[in-house]
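In case it helps, this note's numbering puts the sequence shown at residues 12 to 140.
Built from N, CA and C at the ideal position, the CB exists for glycine as well.
This one's a predicted model, so the numbers in the text were calculated from it and none came from an experiment.
Notes follow the structure.
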Amino acid sequence: TLAANSGAFRFALEASVDWRFSKDSRAAISHLWAGIESVFGISSELVYRISLLSACLLTERGSERQAKFMEVKRLYGLRSKAVHGVTLPESKIENALKGSYALLRDLLILSINRGHALRDEDFDGALFF
């Protein structure tokens, strides 16, 4: 139902599966992050906004939330390097791939548990309540 009612959710769900079929790890990371960005539907200040909203949605206030913020920010940095062709050790690419998939999976599961694609009300609630 979620996929039928939300193109953004459907795109993110497809990205959570399709990345496995990429011939290149860097392309797979790019595909996963396209899904993550689709969940949020934002086009500016991506690093900060995705990191902040992910941390607020997925963890409780305090040091755990701050650690999640830093983790997502680090993952986005790896994503940028991978997608733009910066030379990286294979272990960093693999970590970026696994971490990106885990983040997308957690966001999709949150949507499923809430019964709707994440929307502004969810983001505002996570930030302010």
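Residue from the options with nearest C-alpha to residue i
i: S91; options: W30, S41, S36 and K34; result: S41
i: A156; options: S36, W44 and E71; result: Because the chain here runs from 12 to 140, residue 156 falls outside it and cannot be looked at.
i: L89; options: R116, A78, R37 and L138; result: R37
i: L86; options: E25, F134, L114 and R60; result: L114
i: G46; options: S62, E56 and R21; result: R21
i: A39; options: L108, D117 and I123; result: L108
Alpha carbon of residue i to alpha carbon of residue j, nearest angstrom
i: L68; j: E101; result: 30 Å
i: V28; j: N106; result: 18 Å
i: S111; j: K103; result: 12 Å
i: F32; j: V50; result: 21 Å
i: G136; j: R130; result: 10 Å
i: V58; j: K84; result: 6 Å
i: I120; j: E25; result: 14 Å
i: L138; j: V97; result: 34 Å
i: I53; j: F140; result: 21 Å
i: K34; j: E48; result: 22 Å
Practice task
Please specify which runs of the alpha helix (DSSP H), each continuous and at least 4 residues long, are wholly inside the segment 69 to 112, giving them in chain order.
Solution key: Entirely contained in the segment 69 to 112, the alpha helix (DSSP H) runs reaching 4 residues are, in chain order, 74 to 94.
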